[in-house]
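Visitor:
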Amino acid sequence: MTSNPVSIRIYVPKDACAIACGADEVVAAIAAAAARRQQAVEIIRTGSRGMLWLEPLVEVGTPEGRIGYGPVEEGDVEALFEAGFLTGAAHGLRIGKPEEHPFMAKQTRLTFARCGIVDPASYTDYRAHGGYKGLERALQLGPVEIIEEVKKSGLRGRGGAGFPTAIKWKTVADAKADRKYIVCNADEGDSGTFADRMIMEGDPFELIEGMTIAGIAVGATKGFVYTRSEYPHAIAAMEKAIQVARAHGMLGVNIAGSQHSFDMEVRMGAGAYVCGEETALLDSLEGKRGTVRAKPPLPAHKGLFQKPTVINNVLSLTAIPHILAGGGEFYANFGMGRSRGTMPIQIAGNVKFGGLFETAFGITLGELVNDIGGGTASGKPVKAAQVGGPLGAYVPTWQFDLPFDYEAFAAKDALIGHGGIVVFDEGADMAKMARFAMEFCSVESCGKCTPCRIGSTRGVELMDRIIAGQRVEANLATLTDLCQTMKLGSLCALGGFTPYPVLSALKHFPEEFGAPPRRLEAAE
Ligand SMILES: Cc1cc2nc3c(=O)[nH]c(=O)nc-3n(C[C@H](O)[C@H](O)[C@H](O)COP(=O)(O)O)c2cc1C
Ligand code: SF4
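When we follow this note's numbering, the leftmost residue of the sequence shown carries the number 180, and every step to the right adds one.
#1: Count the other C-beta atoms from every protein chain shown that fall within 10 angstroms of the C-beta of Ile-179, then say buried if there are 16 or more, exposed otherwise.
#2: By DSSP's criteria, Arg-245 is part of a beta bridge. Which residues make up the other side?
#3: Give the straight-line distance between the Cα atoms of Asp-369 and Arg-376, rounded to the nearest whole angstrom.
#4: With 16 other CB atoms within 10 Å as the buried threshold, where does Gln-565 fall?
#5: Just to confirm, are Gly-704 and Ser-669 a CB contact at a threshold of 9 Å?
#6: Starting from the C-beta of Lys-331, find all residues in its chain whose C-beta is less than 7 Å away, skip the five residues before and the five after it, and write them out in chain order.
#7: Do Arg-293 and Asp-382 come within 9 Å of each other at the CB atom, strictly closer than that value?
#8: Buried or exposed: Asp-592, going by 16 or more other Cβ atoms within 10 Å of its Cβ?
#9: Relative to the alpha-carbon of Gly-226, which residue among Phe-688, Glu-234, Ala-498 has its alpha-carbon at the smallest distance?
#10: Indicate, with yes or no, if ligand 1 has a heavy atom lying under 8 Å from the CB of Gly-668.
#11: By a C-beta neighbour count over all protein chains shown, 10 Å radius and 16 as the cutoff for buried, is Ser-186 buried or exposed?
#12: Ligand 2 and Ser-624: does any heavy atom of the ligand fall closer than 8 Å to the residue's C-beta?
#13: Using only the heavy atoms of ligand 2, determine whether one of them is closer than 8 Å to the beta carbon of Val-453.
#14: Could you check how far apart the C-beta atoms of Val-362 and Val-489 are, in whole angstroms? I think they sit under 8 Å.
#15: Should the segment 309 to 319 be called in touch with the segment 474 to 483, which here means at least 3 C-beta pairs below 8 Å?
#16: How many angstroms separate the CA atom of Thr-657 from the CA atom of Thr-543?
#17: Looking at the strands, I want to know which residues DSSP matches up with Asn-654.
#18: Since Lys-359 contacts Gly-295 with CB under 8 Å, what's their CB separation in whole angstroms?
#19: Considering only residues of the segment 437 to 490, which uninterrupted alpha helix (DSSP H) runs meet the minimum length of 4 residues and lie entirely inside it, listed in chain order?
#20: Would the C-beta of Cys-294 count as close to ligand 2, meaning under 8 Å from any of its heavy atoms?
#21: If the criterion is Cβ atoms closer than 9 Å, does the pair Phe-513 and Lys-285 meet it?
#22: I'd like the list of long-range same chain contacts for Ser-437, defined as Cβ closer than 6 Å, with 5 residues on each side in sequence excluded.
#23: Whose CA, out of Leu-231, Gly-469, Val-323, lies closest to the CA of Gln-525?
#24: So, do the segment 459 to 471 and the segment 334 to 344 have three or more beta carbon pairs nearer to each other than 8 Å?
#25: Among Ala-258, Glu-388, Ala-352, Ile-246, which residue has its Cα nearest to the Cα of Arg-709?
#26: Grab the span of the beta strand (DSSP E) containing Cys-363 for me, first residue to last.
#27: Under 8 Å: does the beta carbon of Ala-572 sit that close to some heavy atom of ligand 1?
#28: Please indicate yes or no: does the CB of His-597 lie closer than 8 Å to some heavy atom of ligand 1?
#29: Exposed or buried, what is Ala-340 when buried is set at 16 or more other beta-carbons lying within 10 Å of its beta-carbon?
#30: Taking 8 Å as the line, does the beta carbon of Glu-409 fall inside it for any heavy atom of ligand 1?
#31: Between the alpha carbons of Arg-425 and Ala-415, how many angstroms are there, rounded?
#32: Just to confirm, is the Cβ distance from His-270 to Tyr-248 under 9 Å?
#33: Whole angstroms is fine: what's the gap from Gly-469's alpha carbon to Pro-192's?
#34: Would the beta-carbon of Gly-341 be found less than 8 Å away from any heavy atom of ligand 1?
#35: At a cut-off of 8 Å, would you count Leu-461 as near ligand 2, judging by its Cβ distance to the nearest heavy atom?
#36: Determine the direct distance from the alpha carbon of Ala-396 to that of Ile-499, and round the result to whole angstroms.
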């Protein structure tokens, strides 16, 4: 056997999903197989490209570019070496260049442009792929013009409510206080969502850059990333990147040699859904039990420790470097209506090709589920998709022409939320799904207001009676009435939006509740 001292680069994700699928074992097998052959290899751990059904996706650096193989199991490694995968040779698992795969080629990647490509701990890699261009421009512009760029971009909060980011920032910028904060909401509690986790694991400097720009814009010198204990890999990646950024003078005093100072740290919650609600999050961050605060005051006026605070989702903040680097208009050129820019959509549930798909607003739900997602993993017909997490409506297939747009979804009593899509096949029992929505609310309720705390428990009881076929008509009337009370009387969207999945399931699939079958409505 001849030794080959020319080192070949092999890229394997260390994203939590890839690790769960055996990426660490694959890395060990590759290292051992290379050592046996005296072949020098450099194994670089990246984030995920987002084609989750292909994880672990192993990529080899060849003169033609990176060639992917996936999903690779530990037991495949020897055969891959034998086939000559180090030169990009043919093999049953070869997918070609990942960026040319149809799932990737159809995307418009801004936020996720580097994810799966760079080493998330490498400052040099980040810089080499356009990192910190947004901050450089922000430092030239100054606070007022930064907010003007964000306004031009039309960016709306990606955490769920779709509130214009520039208005929030302007409110905090205008507030007079000795201290202000930037809080990144990385709680990511919605079912079927993983974009925040993926970007924190795959491109953590982007979030650091976005938060730093936010700090400069509003006059905040301290930032916190609030995430959950279920995200240990994201926490480790963020903490590492924060250390590296500090070492390069990009966090701390006089960042990048400017007169601005900004530093940040990661805080971990215990994983309560309600702690994603911004005011409960602030309580949790202050060390209290996460309970929703009555508004006003808004967090922008009195937030963390009663100081003016910007709270933004990870995806809102990671869009910021691109808005500053390319200009607000560049970002606003993507999208439709009042939904501007790109949205990292997460396709999950009973779906063949699940993953992260970043695209401009306007794509239809049907394209996402059927064309890109490939329909159900079970092979049975799709029945519905729940979009926007546990508080989002069930959208039936006959409404799949719905474009991804905040207003179009709202017009159908549906929600884009954090961009999570959970697909269900015809086997889903929609009455049980409605019961689950009420049960979820009863378990996760912070208990502050009666419509949610008591209403959700009564909702579960009603659903149990309906499912058991007891006085169905009367119980459905009470359920509808209860939903109205929860919608109008709850203090936050946990109680206020739980009726949406319940009522959408009832509206579109009444026969599964023992009610007369649905009549096709002209409006649909
Ligand atoms: C029950 C509940 C849970 C929420 N969970 C999250 C979450 O996990 N992540 C998030 O960014 N926003 C979540 N939100 C929305 C936040 O309250 C808030 O609107 C958001 O963090 C603002 O950031 P944005 O403007 O960038 O979207 C939740 C809201 C509610 C009512
Ligand atoms: S709606 Fe539920 S979670 Fe929200 S404040 Fe009321 S009890 Fe708490």
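Ideal Cβ placement from N, Cα and C applies to all residues, glycine included.
Guide: The structure says:
#1: Past the edges of the chain, shown from 180 to 703, lies residue 179, and the structure says nothing about it.
#2: According to DSSP, which records beta bridges pairwise, Arg-245 is partnered with Gly-240.
#3: Whole-angstrom Cα-Cα distance: 12 Å.
#4: Result: buried.
#5: Only positions 180 to 703 of the chain appear in this structure, which leaves residue 704 out of reach.
#6: Scanning its chain for C-beta atoms nearer than 7 Å, with the 5 sequence neighbours on each side dropped, one finds around Lys-331 the residues Gly-507, Glu-508, Ala-511, in chain order.
#7: Asp-382 places its beta carbon less than 9 Å from that of Arg-293.
#8: So Asp-592 counts as exposed.
#9: Out of Phe-688, Glu-234, Ala-498, Glu-234 has the C-alpha closest to the C-alpha of Gly-226.
#10: Exclusion of Gly-668 from the 8 Å shell around ligand 1 follows from its C-beta lying no nearer than that to any non-hydrogen atom of the ligand.
#11: Exposed, because fewer than 16 other Cβ atoms sit within 10 Å of the Cβ of Ser-186.
#12: True, at least one ligand heavy atom lies under 8 Å from that Cβ.
#13: The nearest non-hydrogen atom of ligand 2 is less than 8 Å from the C-beta of Val-453.
#14: Approximately 7 Å separates the beta-carbon atoms of Val-362 and Val-489; this is inside 8 Å, confirming the contact.
#15: Flag = no, the segment 309 to 319 and the segment 474 to 483 do not touch.
#16: Rounded to whole angstroms, the gap between the alpha carbons of Thr-657 and Thr-543 is 35 Å.
#17: Under DSSP, Asn-654 shares a beta bridge with no residue.
#18: That belief does not hold up - the Cβ atoms of Lys-359 and Gly-295 are roughly 34 Å apart, past 8 Å.
#19: Segments of the alpha helix (DSSP H) lying fully in the segment 437 to 490: 457 to 464.
#20: Incorrect: Cys-294 has no Cβ contact closer than 8 Å to ligand 2.
#21: Their beta carbons are not under 9 Å apart, which means Phe-513 does not touch Lys-285 by this criterion.
#22: Beyond the five residues adjoining it in sequence on each side, Ser-437 comes within less than 6 Å, by CB distance, of Leu-318 in the same chain, given in chain order.
#23: Sorting Leu-231, Gly-469, Val-323 by C-alpha distance to the C-alpha of Gln-525 places Leu-231 at the top.
#24: Counting Cβ pairs under 8 Å, fewer than three are found: no touch.
#25: This structure leaves residue 709 out entirely; the chain is present only between 180 and 703.
#26: For Cys-363, the enclosing beta strand (DSSP E) stretches over residues 360 to 365.
#27: The answer is no for Ala-572.
#28: Distances from the CB of His-597 to the heavy atoms of ligand 1 include at least one below 8 Å.
#29: Exposed.
#30: For Glu-409, the CB stays at least 8 Å from every heavy atom of ligand 1.
#31: In this structure, the straight-line span from the alpha carbon of Arg-425 to that of Ala-415 is close to 15 Å.
#32: A Cβ-Cβ contact shorter than 9 Å links His-270 with Tyr-248.
#33: Put simply, the backbone Cα of Gly-469 is about 34 Å away from that of Pro-192.
#34: Yes, Cβ of Gly-341 sits closer than 8 Å to a heavy atom of ligand 1.
#35: Ligand 2 never approaches Leu-461 closely enough for any of its heavy atoms to be under 8 Å from the residue's Cβ.
#36: Linking Ile-499 to Ala-396 through their CA atoms gives a straight-line distance of about 11 Å.
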